[in-house]
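Visitor: Have a look at this one before I ask anything.
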């Protein structure tokens, strides 16, 4: 549709409201409500008889790639994975329906989080037409019924700004920390072992991992975890365990990335200069 002279195609976004971000009641309400949307981590053994954890990993990575290709908002992928896990906790499906379910989750999540939602026809195309438009719309309605239309689930993204505003971080660094934290959150949702952590714990772990990567000072990390514990009242050992797993996951992904780069270089018979130090957090681009 053509735009008239007073219209533009720029997406409009609401400004951050400091009255909400700085109000401790908002953070406390999120912390007290998040467990309501926490899916069970053992649905592979208790509910699903045809699905395995590696299948969730595959569909999650595919969903993340689709969200990246279609330039979705950062909140779309974590929310869609929350829909998927909550659905699988209570409803049995076959393995050949998993991609259909993932598509419906992204479709619904984009309607909740974006001004312009994903087009159903594009999602069908990204499945290589293994699903039909009719089946996607039918699964969307089925998903709504199973979730009882309770769609505004709490995800780790909801905590990032609230926590960062309560840390002594200058405005120049807060954006890069926020960027890496969102990247780590997406990474966590592709790994089944992070399903046992609450959204607030994952958010704190991602912030801690991002800041640790930038400072690389053990004492700073200790003081940071203590401050994050005071903000969220989550047990210190629990926060440390989550952050350690995130850092291990990041290191594992980076090692695989470096191996792939070496393989490509050897195939092309080209010599590339590599830094003598490990890849830093600033260079991460999953």
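Residue numbers (my numbering): 1 to 286.
From the three backbone atoms N, C-alpha and C, an ideal C-beta is built for every residue, glycine too.
Just the C-alpha distance for residue 72 and residue 43, rounded to the nearest angstrom, thanks.
Guide: The alpha-carbon atoms of residue 72 and residue 43 are separated by roughly 28 Å.
Visitor: Residue 195 and residue 41: beta carbons closer than 8 Å?
Guide: Yes. Within cutoff.
Visitor: Do you know how far the Cα of residue 109 is from the Cα of residue 245?
Guide: One C-alpha to the other measures close to 27 Å.
Visitor: Please classify residue 86 as buried or exposed, where buried requires at least 16 other C-beta atoms within 10 Å of its C-beta.
Guide: Result: buried.
Visitor: Please list, in chain order, all residues of the same chain as residue 31 whose beta carbon is under 7 Å from its beta carbon, the five residues on each side excluded.
Guide: Contacts found: 200, 232.
Visitor: For residue 170 and residue 224, I'd like the C-alpha separation in whole angstroms.
Guide: Residue 170 and residue 224: Cα-Cα distance of roughly 15 Å.
Visitor: Skipping 5 residues on each side, what residues in its chain have a beta carbon closer than 6 Å to that of residue 18?
Guide: Excluding sequence neighbours, residue 18 sits near nothing in its chain.
Visitor: Given residue 103, which residues of its chain have a CB within under 7 Å of its CB, disregarding the five upstream and five downstream residues?
Guide: So the qualifying residues of the chain are 123, 127, 131, 136.
Visitor: If we count Cβ pairs, one from each stretch, closer than 8 Å, do we get three or more for the segment 47-55 versus the segment 81-97?
Guide: These segments touch.
Visitor: What does the alpha-carbon distance come out to for the pair residue 157 and residue 206?
Guide: Their backbone Cα atoms lie some 10 Å apart in a straight line.
Visitor: Taking just the CA atoms, how far does residue 75 sit from residue 34?
Guide: Approximately 16 Å, taken between the alpha carbons.
Visitor: Only counting runs of 4 or more residues, tell me where the alpha helix (DSSP H) segments fall wholly within the segment 55-109, in order along the chain.
Guide: You should have 76-90.
Visitor: I think residue 99 touches residue 47, with their Cβ atoms under 8 Å apart; what is that distance to the nearest whole Å?
Guide: The Cβ separation is near 19 Å, so there is no contact.
Visitor: How is residue 115 classed by DSSP in three states: helix, strand or coil?
Guide: Of the three classes helix, strand and coil, the one that applies to residue 115 here is coil, per DSSP.
Visitor: Run through DSSP, which three-state label would residue 190 get?
Guide: Reduced to three states, the DSSP call for residue 190 is coil.
Visitor: In the DSSP assignment, find the alpha helix (DSSP H) that holds residue 155 and state where it starts and stops.
Guide: Residue 155 -> no alpha helix (DSSP H), and no H or E assigned at all.
Visitor: If I follow the unbroken alpha helix (DSSP H) through residue 28, where does it start and stop?
Guide: Here the alpha helix (DSSP H) through residue 28 covers 24-33.
Visitor: Going straight from the alpha carbon of residue 237 to that of residue 133, what length do you get?
Guide: In a straight line, the C-alpha of residue 237 is about 47 Å away from that of residue 133.
Visitor: When you compare only the Cα positions, how much space is there between residue 16 and residue 68?
Guide: Going from the Cα of residue 16 to the Cα of residue 68 covers about 24 Å.
Visitor: How many angstroms separate the CA atom of residue 243 from the CA atom of residue 209?
Guide: The alpha-carbon atoms of residue 243 and residue 209 are separated by roughly 6 Å.
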